[in-house]
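Novice: Below: one structure in structure tokens.
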Amino acid sequence: MAQVGLAEKVAGEWMPRRAAVLLFAEEPGGLLAAHGTRAEVRLVIYQGKAAEAGAKPNMRKPPRTLRGPLIRLIDDTVRTVLDELSQGVELASSGFRAQHLYPERVVKEAIVNSIIHRDYRLNREIIIRIFDDRLEVDSPGVFPGAITSANIASAGSKARNSLIVKTLRDFPVPPNFDLNEGVPMMFAEMANARLYPPQYRQTLDATHENVTVTLLNLERPTIWDEVSGWIDRNGPIANSDICQIANVDTLKASKMLRAWEDQGVLVRLPDRAKRNMAYTKPTQPFEQPSLLSEAEDNKL
Numbered sequence: 001m002a003q004v005g006l007a008e009k010v011a012g013e014w015m016p017r018r019a020a021v022l023l024f025a026e027e028p029g030g031l032l033a034a035h036g037t038r039a040e041v042r043l044v045i046y047q048g049k050a051a052e053a054g055a056k057p058n059m060r061k062p063p064r065t066l067r068g069p070l071i072r073l074i075d076d077t078v079r080t081v082l083d084e085l086s087q088g089v090e091l092a093s094s095g096f097r098a099q100h101l102y103p104e105r106v107v108k109e110a111i112v113n114s115i116i117h118r119d120y121r122l123n124r125e126i127i128i129r130i131f132d133d134r135l136e137v138d139s140p141g142v143f144p145g146a147i148t149s150a151n152i153a154s155a156g157s158k159a160r161n162s163l164i165v166k167t168l169r170d171f172p173v174p175p176n177f178d179l180n181e182g183v184p185m186m187f188a189e190m191a192n193a194r195l196y197p198p199q200y201r202q203t204l205d206a207t208h209e210n211v212t213v214t215l216l217n218l219e220r221p222t223i224w225d226e227v228s229g230w231i232d233r234n235g236p237i238a239n240s241d242i243c244q245i246a247n248v249d250t251l252k253a254s255k256m257l258r259a260w261e262d263q264g265v266l267v268r269l270p271d272r273a274k275r276n277m278a279y280t281k282p283t284q285p286f287e288q289p290s291l292l293s294e295a296e297d298n299k300l
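Numbered per the UniProt record's numbering, the sequence shown spans residues 1 to 300.
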């Protein structure tokens, strides 16, 4: 252990560092509790979209605590959360069963990051909350280095616990590759699944010091849905508006407008010069041309 930095001499004796306890002790939390810190993961599954206080909390089942050395804790937590998500959720208002849409890789990355990058000096557990409309992972500690909620999509994550990260990287099946690719992947995967991007929030006050990542179980509207809503609210839409809504350049926006015009869902405003062209939705529903001729025998 000393050769890889997992032990140090204290009063002439070799003692394991905190990272060694977390990585290799059968019950790290029990050993660390004597030093005023925690290492567990707590999973809470709620019915509805908010945690309700009261005599009978709105939990679907009793909270579950997961423990163990980090590599096992990661595996157990990922498996348990994915199993819960795969069951979907019955919506009390309708009786229908809704499915959780999060990509598996994104859920795993959120859990892995919370376990290996949390601040293990704090006497708090990681809390994972599953609601009907979202998944929250609450990790003790603030953003390390220059990472913020605004730049994390491009900056990725920064290893607070470099010794833990380096050691886990050398396991036969490492939970991460330490290439700073995880967080950008989360944003890309959520976009590919047409879901809203991960939402990061840092809390820093007298009682809480944590980073929460939220995955919304909600499909983003298509670009057309956004354009249609924009016209309903603001009136005719121009190329420059499409550029802002869809985050595309002028050429791409023009192609999109022409395609919607060809489909009959947009019409040009009359008497407009090309550079001032604007579009709106037709006043009459667009009718597909009939596949049958107007011959008398087709009118039976």
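We treat Cβ as the ideally placed atom computed from N, Cα and C, and that holds for glycine.
Among all the DSSP beta bridges, which residues are the ones paired with valine 213?
Specialist: Answer by DSSP bridge pairing, in chain order: Val137 and Tyr200.
Novice: By the 10 Å Cβ neighbour count, where 16 or more other Cβ atoms means buried, how is lysine 255 classified, buried or exposed?
Specialist: With fewer than 16 other Cβ atoms within 10 Å, it is exposed.
Novice: Check whether the stretch 206-218 touches the stretch 98-106, taking contact to mean three or more Cβ pairs, one atom from each stretch, closer than 8 Å.
Specialist: Yes, the stretch 206-218 touches the stretch 98-106.
Novice: Under 7 Å between the Cβ atoms of valine 106 and glutamate 189?
Specialist: Cβ distance < 7 Å, so valine 106 and glutamate 189 count as in contact.
Novice: With methionine 15 as the anchor, note down where its beta strand (DSSP E) starts and where it stops.
Specialist: Methionine 15 -> beta strand (DSSP E) spans 13-16.
Novice: So, are the CB atoms of arginine 118 and glycine 141 less than 7 Å apart?
Specialist: Contact flag set, yes.
Novice: What's the gap between the Cα of methionine 59 and the Cα of tyrosine 46?
Specialist: Distance between the alpha carbons of methionine 59 and tyrosine 46: 4 Å.
Novice: Taking three-plus beta-carbon pairs below 8 Å as touching, is the stretch 197-208 in contact with the stretch 156-175?
Specialist: Touching, no.
Novice: Taking C-alpha atoms, which residue in Ala191, Arg275, Ser86 and Leu73 lies nearest to leucine 251?
Specialist: Comparing Cα-Cα distances from leucine 251 to each of Ala191, Arg275, Ser86 and Leu73, the minimum goes to Arg275.
Novice: Quick one, which of Leu257, Asp76, Ala110 and Ala50 has its alpha-carbon nearest isoleucine 223's?
Specialist: Cα-wise, what sits closest to isoleucine 223 is Leu257.
Novice: Do proline 236 and threonine 280 have their CB atoms nearer than 7 Å?
Specialist: A contact, by the Cβ cut-off of 7 Å.
Novice: Report all residues from its chain with a CB closer than 7 Å to the CB of glutamate 40; omit the five preceding and five following residues, and keep chain order.
Specialist: Only Gly29, Thr65, Leu66, Arg67 and Glu125 meet the Cβ criterion.
Novice: What do you reckon, are the CB atoms on aspartate 132 and valine 81 nearer than 7 Å?
Specialist: The answer is no: Cβ separation not under 7 Å.
Novice: Return the CA-CA distance between arginine 194 and lysine 49, expressed in angstroms with no decimal places.
Specialist: C-alpha separation (whole angstroms): 21 Å.
Novice: What three-state label does DSSP hand glycine 54 in the structure shown?
Specialist: Glycine 54 falls in the coil class under three-state DSSP.
Novice: Under 8 Å: do the stretch 238-250 and the stretch 194-204 share three or more Cβ pairs, one atom per stretch?
Specialist: Flag = no, the stretch 238-250 and the stretch 194-204 do not touch.
Novice: Beta carbon of proline 63, beta carbon of arginine 42: below 7 Å?
Specialist: Yes.
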